[in-house]
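Take the sequence shown: its position 37, counting from 1, is numbered 37 in UniProt numbering, and each next residue is one higher.
Ideal placement from N, C-alpha and C gives every residue a C-beta, glycine not left out.
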Amino acid sequence: MNPPNGLNQGLDLSGLNLDFGSDASGSEASTGVASASDSPVAAPEGDAVARIAGLLLTLGAVDDAEKVTSASTLDSLGVDSLTRIELAVRAEELFGFRVDEELFRSWTTIGDMAAYVDEHEAAAST
Numbered sequence: 001m002n003p004p005n006g007l008n009q010g011l012d013l014s015g016l017n018l019d020f021g022s023d024a025s026g027s028e029a030s031t032g033v034a035s036a037s038d039s040p041v042a043a044p045e046g047d048a049v050a051r052i053a054g055l056l057l058t059l060g061a062v063d064d065a066e067k068v069t070s071a072s073t074l075d076s077l078g079v080d081s082l083t084r085i086e087l088a089v090r091a092e093e094l095f096g097f098r099v100d101e102e103l104f105r106s107w108t109t110i111g112d113m114a115a116y117v118d119e120h121e122a123a124a125s126t
């Protein structure tokens, strides 16, 4: 399907899996954006590193989720600033709690992020 109003402008958008349907309900068909629940993050509930790796894979930030370890940094994975914002939004949707920008920036490694997720999930389950 073609993008509305000629937004393609010679760019190959086929790899983005966008759907420019005419649904006006605000659903994925009208926005072209999948929700975090659509992401292929299939890891055990307690394995936050694997779920974060799955998010990075879904966002196209990494090509192999197995390359993501607790010692990985977003910089070492080549994650740009726009993808960091998307990661924060998707993580909020997936994990069910908001992380302020200052805290997000303070994390040095994926392990730091995962530890926070594990702590938050443990506190929520008690």
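Backbone CA spacing between residue i and residue j [nearest angstrom]
| i | j | result |
| --- | --- | --- |
| valine 79 | serine 125 | 31 Å |
| threonine 108 | leucine 94 | 21 Å |
| glycine 60 | alanine 91 | 15 Å |
| leucine 55 | serine 72 | 14 Å |
| glutamate 101 | glutamate 121 | 19 Å |
| tyrosine 116 | leucine 82 | 22 Å |
| residue 197 | leucine 103 | Because residue 197 is not part of the residues shown, which for the chain are 1 to 126, the question remains open. |
| aspartate 47 | aspartate 118 | 8 Å |
| serine 106 | arginine 98 | 15 Å |
Distance CB(residue i)-CB(residue j) smaller than 9 Å
| i | j | result |
| --- | --- | --- |
| alanine 123 | isoleucine 52 | no |
| valine 49 | glycine 111 | yes |
Contact belief for residue i with residue j at Cβ below 8 Å, rounded distance in angstroms
| i | j | result |
| --- | --- | --- |
| valine 62 | leucine 74 | That pair is no contact at about 10 Å. |
Check: residue i C-beta below 8 Å from any heavy atom of the ligand SAM
| i | result |
| --- | --- |
| arginine 98 | Absent from the structure shown: the ligand SAM. Ligands present: none. |
(message) Would you call the stretch 86-103 in contact with the stretch 63-72, where contact means no fewer than 3 C-beta pairs closer than 8 Å?
(response) no
(request) Mind listing, in chain order, the continuous alpha helix (DSSP H) runs of no fewer than 4 residues lying wholly within the UniProt domain "Carrier" (43-121)? (result) 48-58, 81-95 and 101-106
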